[in-house]
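Okay, structure first, notes after.
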Amino acid sequence: MTTLALTDEQIVELVNQLPPERKKNVLFALAKDSQSRQNERMKYAENQLRFLSKKRDLDWDSMDEEEKEAFIDDIIHEDRQCP
Numbered sequence: 002m003t004t005l006a007l008t009d010e011q012i013v014e015l016v017n018q019l020p021p022e023r024k025k026n027v028l029f030a031l032a033k034d035s036q037s038r039q040n041e042r043m044k045y046a047e048n049q050l051r052f053l054s055k056k057r058d059l060d061w062d063s064m065d066e067e068e069k070e071a072f073i074d075d076i077i078h079e080d081r082q083c084p
């Protein structure tokens, strides 16, 4: 199979030449792929938060949303200077 090298601009131009229904199919395929990757990133992030909470003797899965937000805030700002 031959590989064709195209610039991003060329790809966009080719998609723009498609009939509306086929353009929609391309967009749906891209959106589905994007959603899949977002789900993978969210799972990874949540596993990292579980790991960090366990290191602090906390259980991520038993925290409510407010506790999770406070925990994340503490992690994000753990290098800040206390007044």
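Each residue of the sequence shown is one higher than the one before, starting from 2 at the first, in my numbering.
Built from N, CA and C at the ideal position, the CB exists for glycine as well.
In three-state terms, what does DSSP make of residue i?
{"i": "P21", "result": "helix"}
{"i": "L7", "result": "coil"}
{"i": "D58", "result": "coil"}
{"i": "D34", "result": "helix"}
{"i": "M43", "result": "helix"}
Tell me where the alpha helix (DSSP H) around residue i begins and ends.
{"i": "D74", "result": "E66 to I77"}
If we call anything under 8 Å between Cβ atoms a contact, is residue i one with residue j?
{"i": "V13", "j": "L19", "result": "no"}
{"i": "P53", "j": "I76", "result": "The question names Pro, but residue 53 in the sequence shown is Leu. Contact flag set, yes."}
{"i": "V16", "j": "K25", "result": "no"}
Taking 7 Å as the cut-off, is the CB of residue i close to at least one heavy atom of the ligand ATP?
{"i": "L28", "result": "Within the structure as shown, the ligand ATP is missing, as the structure has no ligands at all."}
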